Amino acid sequence: VCGDGGNAASLGRTDYDDILTNFSPLAKRRADQSPRFPNQREEIDLLIATDCISEGQNLQDCDLLVNYDIHWNPVRIIQRFGRIDRIGSRNDAVQLVNFWPVADLDRYLGVKHRVEARMALVDLAATQTDNLLDTTQLEELIKEDLLFRDRQLKRLKDEVLDLEDLDDSVSLTDFSLDEFRQDLLNFLQAHKDELERAPAGLYAVVPPAAEIPMAQPGVIYCLRLKAESDSAVSEKINPLAPHYLVYVQADGDVRLAFVQAKTILNLFRSLALGKSEPYEELCRLFDRQTDQGADMGAYTGLIAKAVESITATFQTRLATGLQGGRDFVLPTTDEQPQDDGTAFELVTWLVLLAPTPASG
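Quick note: the sequence shown uses my numbering, first residue 10, plus one each step.
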């Protein structure tokens, strides 16, 4: 099977869905579709496919996947494997075999980098788009992103990776945020009047959770880009646009960038959902540390780190988008976050504050 419809089959019709159903009859519930597959008991043992089956398919009847081409983005490889390594598999073991392009992977990647970086620069020039990035800066961003993919590919060659190990390489569109939307909808319905009157910048203070190693002292910021933007363009980079979620630890380290919004939302929910009463001792500790809000220097520094992270990550994803396809559209300068501190407004923030022995 392939994306252009030029399919062929040794069993049944050559329709895309029919081929996949005959290849994975249990996972695809072929028995429940008897009118389409009358008296059909045989199945297809070998499926050759392009990336047209890399997402959204349940093919867990299969127990062996062979990659004979290695995509530059390791996420694509793992997405393919995810079609067969799924809940409901009846196989005792599931195997992934990768055929690497050459013995010297570094040499292969070096050539590929030079070609792809130049293609991106040529595409930008050919569209006569405003030069949002000078060519030197753009080439550095592309090089940085490609080197990041290098490290991932090399890890993939030697170990089994999970999607969660690949940091910001995963698009938010790979995951559903419906569960969070439902929580939000329920809260909006229960507190509509209160929320309509609430000003921007509200915050809460919670303790880190011992059962969540990631939850260290710091702040989860929700920022909103002030400038109006083309949502279709911006959402390719940040599906939550114009809002950005960032988790910055107390030492200034950005633990989770805006591209890891689902992880941030999970953390936020674990720390705050269902908590209707304030942690009074922590609130008093926060007031003492900030001199009743008069000295917010520490948190001003953390929000500056968050904005800096948003800007850097946004630029990296611009370079990734240019590499990903010729139909990628660069946002205008106004649509891009800037790190001068004026481009965002603070919507809300959650402070993770460790209690001191005196505060309990």
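C-beta atoms are modelled at their ideal positions from N, C-alpha and C, and glycine is treated no differently.
Here the structure is a predicted model, which means the values were calculated and not measured.
- Message: With a threshold of 8 Å, are at least 3 pairs of Cβ atoms found where one atom belongs to the region 62 to 76 and the other to the region 98 to 111?
- Response: yes
- Query: Per the contact definition of three or more C-beta pairs closer than 8 Å, is the region 221 to 230 in contact with the region 244 to 261?
  - Reply: yes
- Of all the options Gly97, Asp60 and Leu276, which has the alpha carbon lying nearest to the alpha carbon of Ile86? Residue 86 sits at position 77 when you count from the first residue of the sequence shown. Here the closest residue by C-alpha is Asp60.
- Query: In chain order, what residues of the same chain have a beta carbon less than 6 Å from the beta carbon of Asp70, not counting five sequence neighbours either side?
  - Reply: One-based indexing of the sequence shown puts residue 70 at position 61. Around Asp70: Ser33, Leu35 and Ala36.
- Task: For my contact list, Val214 and Tyr288 are in at a C-beta cut-off of 8 Å; report their separation, rounded to the angstrom.
- Result: Counting from 1 along the sequence shown, the entry for residue 214 is found at position 205. Counting from 1 along the sequence shown, the entry for residue 288 is found at position 279. About 6 Å separates the two Cβ atoms, so the contact holds.
- Message: Measuring alpha carbon to alpha carbon, tell me which residue in Lys271, Ile57 and Leu234 is nearest Gly15.
- Response: Residue mapping note: residue 15 aligns to position 6 of the sequence shown, counting from 1. Considering only alpha carbons, the answer is Ile57.
- Query: Hey, is Leu73 close to the ligand PLP, as in C-beta under 6 Å from one of its heavy atoms?
  - Reply: Of the ligands one can find in the structure shown there are none, so the ligand PLP has no counterpart to examine.
- Which runs of the alpha helix (DSSP H) spanning at least 4 residues fall entirely within the region 296 to 337, listed in chain order? 306 to 333
- Message: Quick check: what's the CA-CA separation for Leu362 versus Asp13?
- Response: The residue labelled residue 362 in the question sits at position 353 within the sequence shown. The residue labelled residue 13 in the question sits at position 4 within the sequence shown. Cα-Cα distance, rounded: 55 Å.
- First and last residue of the beta strand (DSSP E) that includes Leu254? By 1-based counting over the sequence shown, the position of residue 254 is 245. His252 to Gln258 is the extent of the beta strand (DSSP E) around Leu254.
- Per the contact definition of three or more C-beta pairs closer than 8 Å, is the region 196 to 206 in contact with the region 257 to 272? no
- Can you list, in chain order, the residues of its chain whose CB lies under 7 Å from that of Gln347, leaving out five sequence neighbours each side? Walking along the sequence shown from the start, residue 347 turns up at place 338. Excluding sequence neighbours, Gln347 sits near Thr320.
- Endpoints, the alpha helix (DSSP H) within which Leu274 is located: The sequence position of residue 274 within the sequence shown is 265, counting from 1. Where Leu274 is concerned, the enclosing alpha helix (DSSP H) stretches over Ala270 to Ala281.
- Note down the Cα distance separating Glu237 from Ser318, rounded to an integer number of angstroms. Within the sequence shown, numbered from 1, the residue matching residue 237 stands at position 228. Within the sequence shown, numbered from 1, the residue matching residue 318 stands at position 309. About 21 Å.
- Query: What is the C-beta distance between Arg39 and Asn67, in whole angstroms, given that I count them as a contact (C-beta under 8 Å)?
  - Reply: In the sequence shown, residue 39 corresponds to position 30, counting from 1. In the sequence shown, residue 67 corresponds to position 58, counting from 1. Not a contact, Cβ separation roughly 12 Å.
- Could you give the C-beta distance for Arg233 and Val356, rounded to a whole number, given that I count them as a contact under 8 Å? Taking the sequence shown and counting its residues from 1, the one referred to as residue 233 is at position 224. Taking the sequence shown and counting its residues from 1, the one referred to as residue 356 is at position 347. Contact flag correct, Cβ pair sits at about 5 Å.
- Task: Identify every residue that forms a DSSP beta bridge with Cys61.
- Result: In the sequence shown, residue 61 corresponds to position 52, counting from 1. According to DSSP, which records beta bridges pairwise, Cys61 is partnered with nothing at all.
- Query: What are the start and end residues of the alpha helix (DSSP H) that includes Arg88?
  - Reply: Stepping through the sequence shown from its first residue, residue 88 is reached at position 79. The sequence given here has Gln at residue 88, not Arg. Looking at the DSSP string, the run of the alpha helix (DSSP H) that includes Gln88 is Pro83 to Phe90.
- Residues that Leu263 bridges to, as DSSP identifies them: Along the sequence shown, one-based indexing puts residue 263 at 254. Just to set this straight, residue 263 is Val in the shown sequence, not Leu. Looking at the DSSP assignment, Val263 forms a beta bridge with Val257.
- Query: What three-state label does DSSP hand Arg38 in the structure shown?
  - Reply: Here residue 38 is taken as the residue at index 29 of the sequence shown, counted from 1. Three-state DSSP puts Arg38 in coil, outside helix and strand.
- Who pairs with Tyr230 in a beta bridge, going by DSSP? Locating residue 230 in the sequence shown gives position 221, counting from the first residue. According to DSSP, which records beta bridges pairwise, Tyr230 is partnered with Val255 and Trp358.
- Query: For Arg297, is the classification buried or exposed, using 16 other Cβ atoms within 10 angstroms of its Cβ as the cut-off for buried?
  - Reply: Locating residue 297 in the sequence shown gives position 288, where the first residue counts as 1. Flag for Arg297 reads exposed.
- So Asn31 and Ile53 are in contact, right, with Cβ under 8 Å, and what is the actual spacing, rounded? Walking along the sequence shown from the start, residue 31 turns up at place 22. Walking along the sequence shown from the start, residue 53 turns up at place 44. Between Ile53 and Asn31 the Cβ distance is about 5 Å, and since that is below 8 Å, they are a contact.
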